[in-house]
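The block underneath contains the structure these notes are about, expressed in structure tokens.
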Amino acid sequence: MNATTTLSADRKRFSSIQNHAAFSVGKAAFLAAVRAILPVNPTSSDWVHAAETCTVECPKCHGTGLYSWGGTVNGKPVHQGDCYQCGGTGAQNSDDFARNHVYTLHAISNACH
Ligand SMILES: [Zn+2]
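Be aware that the sequence shown starts at 9, since it is given in my numbering, and climbs by one per residue.
The following block contains the structure:
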């Protein structure tokens, strides 16, 4: 594999993760998290590595890892469990982006039928 092929593969991989992240946590939050861990003078593979390893605070549970539904009674949530978007960790990584992307498309598809 020559350098040009590697560069184009890296770009493809990066934009794939970015597309997933845009659905899941938003493009701006994703790019901020990537830039925060990029080394000085990053190569294309550094960008891919950063995209794969960065974590973004989960917008669904605001970083708490807990998701509540059904309202509150006496100030306590009626139902509470691990946030499904981040798996209860409060932060999303590239695996979560991909999973939530599929989930979101499924939900949109259901809503349109
Ligand atoms: Zn969450």
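Even glycine gets a Cβ: it sits at the ideal position worked out from N, Cα and C. Just so we're clear, the structure is a prediction, and the values are computed from it rather than from any experiment.
- By alpha-carbon distance to Gly98, the top candidate from His70, His114, Tyr111 is His70.
- By the C-beta density criterion, Asp104 is buried, having at least 16 other C-beta atoms within 10 angstroms.
- Annotation: the continuous alpha helix (DSSP H) that includes Thr12 extends over 11-32.
- With a cut-off of 8 Å on Cβ pairs, the stretch 45-56 is in contact with the stretch 14-28, counting three or more such pairs.
- Here Val110 carries a helix assignment [DSSP, helix/strand/coil].
- With at least 16 other beta carbons inside 10 angstroms of its own, Ala29 counts as buried.
- Distances between the C-beta of Lys68 and the heavy atoms of ligand 1 include at least one below 7 Å.
- When only Cα atoms are considered, Gly95 and Thr72 end up about 11 Å apart.
- For Leu39, no beta strand (DSSP E) segment is defined; the enclosing uninterrupted segment is the alpha helix (DSSP H) at 35-45.
- Judged by their CB atoms, Lys68 and Gln88 are not nearer to each other than the 8 Å cut-off.
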